[in-house]
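**Q** Just passing along the structure, written as C-alpha cells.
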Amino acid sequence: MRRIKQLTQSKSLREALRRVWRAGLASYADRTTLADLQAAKARAEKDSLEAARLVHDYETKILSIMRENEELKTLNKELERVYYILRRENSSLKEEIFKLKNQGQK
4 MRRIKQLTQS
14 KSLREALRRV
24 WRAGLASYAD
34 RTTLADLQAA
44 KARAEKDSLE
54 AARLVHDYET
64 KILSIMRENE
74 ELKTLNKELE
84 RVYYILRREN
94 SSLKEEIFKL
104 KNQGQK
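Letter by letter, the sequence shown follows residues 4 to 109 of my numbering.
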C-alpha cells in the first residue's frame, strides 16, 4: 500500500486507490494495452538516447571550437609580436639607408 501511495504521490491511501482506479478506467476507455505502453516507452527511450547523442556531439563541437579559438588567440599574439619586431627592424633599416645615402651625397 505504501508503494501505491508513492507511485501516485498521494497523501492518503484512499486518494491513491482512487487515482489507480481512474487510471485503469482511462486506459480501458482509451483501449490502451500494455504493448502500446511498452512501445511508447521504447520510442521515448530511443528519442532520449538520440537527444543525448546530439547533446554530446554539440558539446564536443563546442569544446573543439573553444580549443581552436584559444590556439588562434595565441597565434595572433605571436604574429602581432613578430609584426612589431619587423616594423622596428624596418624602421631601423630605413634610418640606416638614409644615413648611407647622406654619406654618399657628401
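Built from N, CA and C at the ideal position, the CB exists for glycine as well.
1. Measure the Cβ-Cβ separation of V23 and T35 and say whether it is below 8 Å.
2. State buried or exposed for A32, treating a residue as buried only when at least 16 other CB atoms are found within 10 Å of its CB.
3. The ligand ATP and L75: does any heavy atom of the ligand fall closer than 7 Å to the residue's C-beta?
4. Determine the direct distance from the alpha carbon of V58 to that of L28, and round the result to whole angstroms.
5. State the Cα-Cα distance for the pair R25 and A19, rounded to the nearest angstrom.
**A** Reading from the atomic positions:
1. Counted from its first residue, the sequence shown places residue 23 at position 20. Counted from its first residue, the sequence shown places residue 35 at position 32. Between V23 and T35, the gap from beta carbon to beta carbon reaches 8 Å or more.
2. Stepping through the sequence shown from its first residue, residue 32 is reached at position 29. Under this definition A32 is an exposed residue.
3. In terms of ligand content, the structure shown is empty, and the ligand ATP therefore cannot be addressed.
4. Working through the sequence shown from its first residue, we reach residue 28 at position 25. Working through the sequence shown from its first residue, we reach residue 58 at position 55. Those two C-alpha atoms are separated by around 39 Å.
5. Here the question's residue 25 lines up with position 22 in the sequence shown. Here the question's residue 19 lines up with position 16 in the sequence shown. Going by the C-alpha atoms only, they are around 10 Å apart.
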